[in-house]
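Residue numbers (the UniProt record's numbering): 1 to 549.
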């Protein structure tokens with residue numbers, strides 16, 4: 001087998017690694033030549049999976065991405081498949097070290113005069129969208145929100161269920177008339193019937209909190225909801241309250257003003273227990289919101305520098321190619337944006353397990369590093385207290401597609417943050433304030449993490465996936481980035497960008513990273529609508545600060 005062909009069969013992620021990743025299915029007994037070394041495969045190696053590049057004895061360390069990712073459970077031969085039976089999670093300890101970190105920023109000269117068309121808010125921040133937001137202070141108001149959503153979405157052109165309603169109507173009509181239903185096709189939705197052309201959506205934060213549970217839960221929820229009200233993509237807010245719940249309207253307003261003393265967005269507040277009736281409450285909420293929509297529809301996009309973008313980076317439904325293609329490509333996009341003066345948010349603390357030392361060494365100050373260490377250790381301790389741990393993070397789907405240990409998953413996941421210095425560490429609901437790369441404490445859970453990123457201020461989220469996930473967010477457009485072309489083709493209705501060309505060798509990580517930045521610029525300008533936004537995939541799950549991996 002020729003060497004130039006072999007380079008497309010396997011890849012080594014770091015010179016220190018003692019495993020190789022298969023880029024395609026490789027049969028048992030295959031002779032693989034890589035970097036002048038020959039490997040005879042002891043097992044069939046499916047694409048995305050790994051094999052050992054040397055004989056290992058029980059207890060030996062396995063290195064991938066240049067870090068410890070596990071220790072072998074028994075002797076394994078060179079060319080053997082990495083499995084959950086022969087490898088168990090292990091990660092290096094970490095501590096603050098006073099090291100000098102230097103960063104070679106990418107060349108961004110061709111982007112320096114580029115702009116995007118965003119919504120400049122009075123507080124100086126810039127949104128990539130113009131939303132009206134409905135906020136319930138307690139789960140008791142969810143039904144009222146659903147009624148209002150149905151009315152406003154259907155009448156004002158924001159519903160994505162119209163095509164299904166019409167489809168069902170046509171099927172019913174054919175059935176009633178005794179006609180053949182085979183010729184009835186589903187028709188696509190269109191945004192042409194939207195009444196308010198400058199209002200990108202009307203969003204609803206249904207949740208299960210605000211009362212019961214602990215007062216701490218309600219306090220955290222209040223800060224979360226306040227951060228959404230303050231979000232640069234939000235232009236106006238309607239608040240629905242029952243009246244007797246833990247999370248009182250005045251507590252919510254206190255948090256809003258605490259986060260932004262100059263808050264001046266239109267906000268309408270309705271309390272059910274002081275209303276004449278539920279019917280009157282809903283009617284008044286619809287009427288005043290309609291008047292608010294008229295006002296925010298007058299706002300228009302204007303040219304803004306790329307430094308005003310706030311990019312959240314996330315992965316979910318990850319596979320063995322996540323750390324090979326999509327995550328490194330998004331990481332290069334992150335580095336480009338940091339070099340341009342923008343902000344990047346890397347979260348999912350359970351998925352930073354094993355790469356803590358690298359991130360600590362990249363922190364600009366000792367205080368920032370120690371805050372990260374404290375948050376990681378307290379999170380890990382809480383998980384162990386209930387009999388769990390970060391090592392239990394990979395899902396069955398992750399494992400099936402090559403992510404054998406949490407350290408492997410985490411080392412690949414951390415690539416989304418690029419290589420820039422860490423300028424800040426944010427606890428859950430803390431807003432981003434510094435240009436550069438910030439770490440945000442959230443679970444790895446897809447929706448809890450994206451909910452937390454938006455709370456920190458992300459105005460776009462790049463979400464990489466190898467298995468496919470439809471996750472979105474109510475106020476922050478989520479862009480789906482596939483690790484492989486098979487997924488991109490099979491789930492084209494939810495995927496925006498395909499990083500498969502990295503696997504096939506058609507594009508470099510840097511080229512793909514630039515393509516992703518170009519997509520972000522268009523999405524931030526409203527020129528491209530990401531699939532999750534088109535589908536109204538408005539997932540929102542507050543984190544109660546319990547154990548969630």
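Just so you know, even glycine gets a beta-carbon here, dropped at the ideal spot from N, CA and C.
Predicted model, so just to flag it, every value in this text is computed and none were measured.
First through last residue of the alpha helix (DSSP H) which encompasses residue i
| i | result |
| --- | --- |
| residue 166 | 162 to 176 |
| residue 367 | 366 to 385 |
| residue 430 | Where residue 430 is concerned, there is no enclosing alpha helix (DSSP H), given that its DSSP letter is neither H nor E. |
| residue 359 | 356 to 362 |
| residue 533 | 531 to 534 |
| residue 147 | 142 to 156 |
| residue 517 | 509 to 524 |
| residue 15 | That residue, residue 15, is in no alpha helix (DSSP H); it is neither H nor E in DSSP. |
| residue 528 | Segment: none, residue 528 is in no alpha helix (DSSP H) and carries neither H nor E. |
| residue 397 | 396 to 400 |
Residue range of the unbroken beta strand (DSSP E) whose run includes residue i
| i | result |
| --- | --- |
| residue 321 | It is not in any beta strand (DSSP E) - residue 321 carries neither H nor E in the DSSP assignment. |
| residue 40 | 37 to 40 |
| residue 447 | Residue 447 -> not in any beta strand (DSSP E); alpha helix (DSSP H) instead, spanning 446 to 456. |
| residue 305 | 302 to 305 |
| residue 415 | Neither: residue 415 is in no beta strand (DSSP E) and is coded neither H nor E. |
| residue 118 | 115 to 120 |
| residue 31 | 31 to 34 |
| residue 182 | Looking at the DSSP string, residue 182 is not in any beta strand (DSSP E), and its letter there is neither H nor E. |
Beta-carbon proximity of residue i to residue j, cut-off 7 Å
| i | j | result |
| --- | --- | --- |
| residue 466 | residue 321 | yes |
| residue 446 | residue 323 | no |
| residue 420 | residue 338 | yes |
| residue 32 | residue 411 | no |
| residue 509 | residue 496 | no |
| residue 206 | residue 145 | yes |
| residue 229 | residue 199 | no |
| residue 347 | residue 423 | no |
| residue 314 | residue 450 | yes |
| residue 472 | residue 539 | yes |
| residue 249 | residue 464 | no |
Backbone CA spacing between residue i and residue j [nearest angstrom]
| i | j | result |
| --- | --- | --- |
| residue 458 | residue 54 | 43 Å |
| residue 370 | residue 363 | 9 Å |
| residue 499 | residue 399 | 21 Å |
| residue 394 | residue 406 | 6 Å |
| residue 312 | residue 19 | 30 Å |
| residue 274 | residue 115 | 48 Å |
| residue 408 | residue 470 | 24 Å |
| residue 188 | residue 477 | 21 Å |
| residue 262 | residue 235 | 14 Å |
| residue 468 | residue 484 | 10 Å |
| residue 23 | residue 48 | 6 Å |
| residue 17 | residue 60 | 13 Å |
| residue 301 | residue 193 | 20 Å |
| residue 493 | residue 202 | 22 Å |
| residue 434 | residue 97 | 23 Å |
| residue 4 | residue 319 | In this prediction, residue 4 has a pLDDT of 41, which is less than 50 and means its spatial position is unreliable; what the coordinates show is noted afterwards. Near 26 Å, if we compare the C-alpha coordinates of residue 319 and residue 4. |
| residue 365 | residue 343 | 18 Å |
| residue 13 | residue 57 | 22 Å |
| residue 252 | residue 211 | 13 Å |
| residue 297 | residue 289 | 12 Å |
| residue 196 | residue 135 | 21 Å |
| residue 148 | residue 233 | 21 Å |
| residue 101 | residue 361 | 7 Å |
| residue 437 | residue 84 | 34 Å |
| residue 111 | residue 88 | 44 Å |
| residue 404 | residue 62 | 12 Å |
| residue 355 | residue 443 | 16 Å |
| residue 270 | residue 133 | 14 Å |
| residue 350 | residue 325 | 21 Å |
| residue 143 | residue 25 | 50 Å |
Beta-bridge pairing of residue i - partner residues as DSSP gives them
| i | result |
| --- | --- |
| residue 482 | 465, 498 |
| residue 270 | 240 |
| residue 436 | 343 |
| residue 223 | Partner(s): none; residue 223 has no beta bridge. |
| residue 131 | 201, 234 |
| residue 76 | 56 |
| residue 89 | 70 |
| residue 64 | 67 |
| residue 313 | 346, 462 |
| residue 22 | 10 |
| residue 81 | 51 |
| residue 136 | 240 |
| residue 422 | 363, 437 |
beta-carbon residue i near the ligand NAP non-hydrogen atom, thresh 6 Å
| i | result |
| --- | --- |
| residue 283 | Because no ligand of any kind appears in the structure shown, any question about the ligand NAP cannot be addressed here. |
Segments of 3+ residues assigned as beta strand (DSSP E) that fall wholly inside the segment 246 to 300
Listed in chain order, they are 267 to 271.
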